[in-house]
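Asks: Right, I'll just put the structure down here and ask away after.
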Amino acid sequence: MPLLGRRKPPPAGGCYPASNLLSYPVPRPKPVIYGLYSWTPDYGLSYIHPANRRTFEWLEPLGKVFEKIDETDDWILLRYDEQQFKVSGELFKELYQKPPFSFGDIVQEVSPESGRPAHQGQVSDVYWDEAADKARFQIVEKKRKVKRVFEAEELRFA
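Be aware that the sequence shown starts at -6, since it is given in our numbering, and climbs by one per residue.
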């Protein structure tokens, strides 16, 4: 007498037919949207969630590229490096040209000055040059921020 709840062993080849498998809808991750947040203290603090006001003001967001990672009715959630901020969506301007590098990417300088090893490190800052309509990058090398800001063409993935 067969036991209830036991499955038959799989057929030859060791796999059940696809028709026997259960499938569940798997939500796709939201694509990252890059943009600028043109807030300055002159706008007032109502655009910044109360929990984020001090750190967002210290960040001085003007000219920096943010990743928009979530959105609710009242706030959008922006990421800059390892920090996240809830802000009003009114001042967010989407960039339709995705930067070639983002926070945390490990990059290396393409053509270092002669006699000096190439800088290699982690992208820590992404700036937007509005006049040139392109991103520029600052990196951290051996736990120290390199003073130089690099053009995209001057870096490659390490």
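No residue lacks a Cβ here, since even glycine has one placed at the ideal position from N, Cα and C.
1) Quick one: using the 10 Å Cβ neighbour count with 16 as the cut-off for buried, is Arg109 buried or exposed?
2) Using the Cα positions of Phe59 and Ser31, report the straight-line distance between them to the nearest angstrom.
3) Express the C-alpha separation of Tyr73 and Glu134 in angstroms, rounding to a whole number.
4) Identify whether Trp51 lies in helix, strand or coil by the three-state DSSP scheme.
5) Within the continuous beta strand (DSSP E) that includes Val80, where are the two ends?
6) Roughly how many angstroms lie between the CA atoms of Gln113 and Ser81, to the nearest whole one?
7) Within 8 Å of any Cβ in chain B, is that where the Cβ of Gln77 sits?
8) Give me the residue from Ala151, Pro24 and Trp121 with the minimum Cα distance to Lys86.
9) Which whole-angstrom value is the C-beta distance of Leu148 and Phe94, which I expect to be below 8 Å?
10) Identify which residue in Ala128, Ile132, Val139 and Lys136 has its Cα closest to the Cα of Gly56.
11) For Pro54, count neighbouring C-beta atoms within 10 Å of its own C-beta (all shown protein chains included) and say buried if the count is 16 or more, exposed if not.
12) With a threshold of 6 Å on Cβ separation, who are the neighbours of Leu88 within its own chain once the five nearest residues in sequence on each side are excluded?
Replies: To lay it out plainly:
1) Within the sequence shown, residue 109 is the residue found at index 116, counting from 1. Looking at its Cβ environment, which holds fewer than 16 other Cβ atoms inside 10 Å, Arg109 is exposed.
2) Reading the sequence shown from its first residue, position 66 is the one you call residue 59. Reading the sequence shown from its first residue, position 38 is the one you call residue 31. Taking the straight line joining both Cα atoms gives about 11 Å.
3) Locating residue 134 in the sequence shown gives position 141, counting from the first residue. Locating residue 73 in the sequence shown gives position 80, counting from the first residue. About 18 Å.
4) The residue given as residue 51 occupies position 58 in the sequence shown. It is helical.
5) To locate residue 80, count along the sequence shown from 1; it is residue 87. From DSSP, the beta strand (DSSP E) with Val80 extends over Gln76 to Val80.
6) As a position in the sequence shown, residue 113 is number 120, starting the count at 1. As a position in the sequence shown, residue 81 is number 88, starting the count at 1. Cα-Cα distance, rounded: 36 Å.
7) Among the chains in the structure shown there is no chain B, since it carries only a single protein chain.
8) Within the sequence shown, the letter at position 93 stands for residue 86. Considering only alpha carbons, the answer is Trp121.
9) For the purposes of this step, residue 148 is identified with residue 155 of the sequence shown, where counting begins at 1. For the purposes of this step, residue 94 is identified with residue 101 of the sequence shown, where counting begins at 1. Indeed, because the Cβ distance is near 6 Å, the residues count as touching under 8 Å.
10) Your numbering for residue 56 matches position 63 in the sequence shown. Cα-wise, what sits closest to Gly56 is Ala128.
11) For this step, residue 54 is matched to residue 61 along the sequence shown. Its Cβ being crowded by 16 or more others within 10 Å, Pro54 is buried.
12) Counting from one through the sequence shown, the residue named residue 88 turns up at place 95. Cβ neighbours of Leu88 beyond the five flanking positions: Tyr27 and Gly28.
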